[in-house]
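Just so we're aligned, residue 1 is where the sequence shown starts under the working numbering, counting upward by one.
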Amino acid sequence: DLTSEKRYTLSKISKKSLRDLKDVVYVKVYLDGDLNIPFRKMQQSLKETLDEFRVYAGDNIEYEFINPFAGRNAKLKEDMVNELYEKGLKPTNILDTDKEGGSSEKLVFPGALVQFRGTEVPVNLLRNDPGTPAEENINNSIQAFEFELIRVISSLSADSVEKIAFLEG
Numbered sequence: 001d002l003t004s005e006k007r008y009t010l011s012k013i014s015k016k017s018l019r020d021l022k023d024v025v026y027v028k029v030y031l032d033g034d035l036n037i038p039f040r041k042m043q044q045s046l047k048e049t050l051d052e053f054r055v056y057a058g059d060n061i062e063y064e065f066i067n068p069f070a071g072r073n074a075k076l077k078e079d080m081v082n083e084l085y086e087k088g089l090k091p092t093n094i095l096d097t098d099k100e101g102g103s104s105e106k107l108v109f110p111g112a113l114v115q116f117r118g119t120e121v122p123v124n125l126l127r128n129d130p131g132t133p134a135e136e137n138i139n140n141s142i143q144a145f146e147f148e149l150i151r152v153i154s155s156l157s158a159d160s161v162e163k164i165a166f167l168e169g
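Written as structure tokens, this is what we have:
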């Protein structure tokens, strides 16, 4: 990382959390298939982040990119969309332009399911601010990958649960 603000370096807390993993964290990323350029950039950045996680966690981080629509008929695609939605992943529509100038709308799930010791937690990776251009939303999302994933991994792998009490009166 040659940037002055160390933009592409994992934080110390992230490195410690990854080194301290005692079991395998499995990440299923549902961002694969025929994507437009911004989402391909997002996919590549996510792959690089997960590869960086593996540097510190070793074999305790496993991941897979899945195209939820590959090789399925219309009914199975609909079932897959409903299943991912019920698990907490939010789909988004993207507009894609073909070579002849036509456009089409596609449904993508820019998210992941993180599994650890039988517990599965959804992570929506697209920060979608309606007042912000799509390209900027994707760039903001890419910058937040480390935080979002480490937040879930740390909470899943914590040995104890912190408790907070409030007293009134």
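Built from N, CA and C at the ideal position, the CB exists for glycine as well.
Buried versus exposed call for residue i [16 or more other C-beta atoms within 10 Å across all chains shown]
i       : result
Gly-71  : exposed
Glu-120 : exposed
Asn-73  : exposed
Ser-104 : exposed
Gly-58  : exposed
Gly-111 : buried
Leu-2   : With a pLDDT of only 44 at Leu-2, under 50, the local geometry of the prediction cannot be trusted, and no value is derived from it.
C-beta contact flag for residue i and residue j at 8 Å
i       : j       : result
Phe-39  : Ile-94  : yes
Ser-17  : Ile-150 : yes
Leu-50  : Tyr-30  : no
Phe-116 : Leu-89  : no
Leu-113 : Pro-91  : no
Asp-32  : Phe-65  : yes
Tyr-56  : Leu-10  : yes
Lys-226 : Phe-69  : Any property of residue 226 remains undetermined from this structure, which presents the chain solely from 1 to 169.
Lys-87  : Pro-122 : yes
Rounded straight-line distance, which links the Cα of residue j to that of residue i
i       : j       : result
Asp-23  : Asp-129 : 35 Å
Gln-44  : Glu-168 : 50 Å
Asp-34  : Gln-143 : 23 Å
Ile-164 : Lys-15  : 26 Å
Glu-135 : Lys-12  : 29 Å
Ser-155 : Lys-28  : 17 Å
Ile-37  : Phe-166 : 49 Å
Lys-41  : Lys-47  : 10 Å
Ile-153 : Glu-162 : 16 Å
Contact with chain C by residue i, beta-carbon distance below 8 Å
i       : result
Glu-135 : No chain C is present in this structure, which holds just one protein chain.
First through last residue of the beta strand (DSSP E) which encompasses residue i
i       : result
Thr-9   : Here Thr-9 belongs to no beta strand (DSSP E), and DSSP marks it neither H nor E.
Ile-94  : 92–97
Leu-113 : 111–116
Pro-68  : Pro-68 -> no beta strand (DSSP E), and no H or E assigned at all.
Residue of the options minimising C-alpha distance to residue i
i       : options                              : result
Asn-124 : Lys-12, Lys-163 and Asn-140          : Asn-140
Asn-60  : Lys-87, Asp-20 and Asp-79            : Asp-20
Val-25  : Gly-118, Glu-135, Thr-132 and Lys-47 : Gly-118
Phe-53  : Ile-37, Ser-155, Phe-145 and Leu-156 : Phe-145
First and last residue of the uninterrupted alpha helix (DSSP H) at residue i
i      : result
Tyr-56 : 37–57
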